[in-house]
Ligand code: RP5
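Residue numbers (full-length UniProt numbering): 1 to 167.
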């Protein structure tokens, strides 16, 4: 699935269909910012060969940033980063057993030399991973830069317009 008919520039991948409830927030904000992206389930443990293939082919397919979400033994972002030089932003999915602390530590504690930019657990992390991916593309894309500026202005104005938390 791609968000537009344009070739995807961001790959939003996740370890399981069950991660979509979290990762759809990354996809939504990318769509809002006009960033062509694809969405895929790629499991580090259940489909390891697909993981390697995805990472190895990503640059050649025009993907410029990868947003990867996983929960529990969340090895997907780190293994993608091990196999591609593209920036990888990792989203720790909130696991049932340990509330996402397992996911967070699995994604954050990478060895020196293979970085994963690790976001917050859950929805906030997914939204911010999408925004960060757009920010990277905005360095060389004026339309995405303008969309990001407008997004931030709307967000600020919404807070300013609603100062009373009781109403
Ligand atoms: C991880 O295991 C996935 O990223 C998911 O968060 C977790 C559970 O997967 P399911 O058993 O729901 O498919 O690999």
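Built from N, CA and C at the ideal position, the CB exists for glycine as well.
A straight-line Cα-Cα distance of about 27 Å links residue 20 and residue 111.
Pairing residue 120 with residue 167, the inter-Cα distance amounts to about 29 Å.
Closest in alpha carbon position to residue 64, among 88, 143, 52 and 44, is 88. Looking at the DSSP output, residue 70 shares a beta bridge with 92. Proximity of the beta carbon of residue 167 to the ligand RP5 is not indicated: no heavy atom of the ligand is located closer than 7 Å.
In the DSSP assignment, residue 40 is bridged to 13.
According to DSSP, residue 78 shares a beta bridge with no other residue. Residue 65 sits in a strand when the DSSP states are folded into three classes.
Within the DSSP bridge table, the entry for residue 118 names 90 as partners. For residue 25, the uninterrupted alpha helix (DSSP H) segment begins and ends at 20–32. Relative to the ligand RP5, the beta carbon of residue 15 is positioned inside 7 Å of a heavy atom. In chain order, 93, 95 and 103 place their CB closer than 6 Å to the CB of residue 71, counting only its own chain and leaving out the 5 sequence neighbours on each side.
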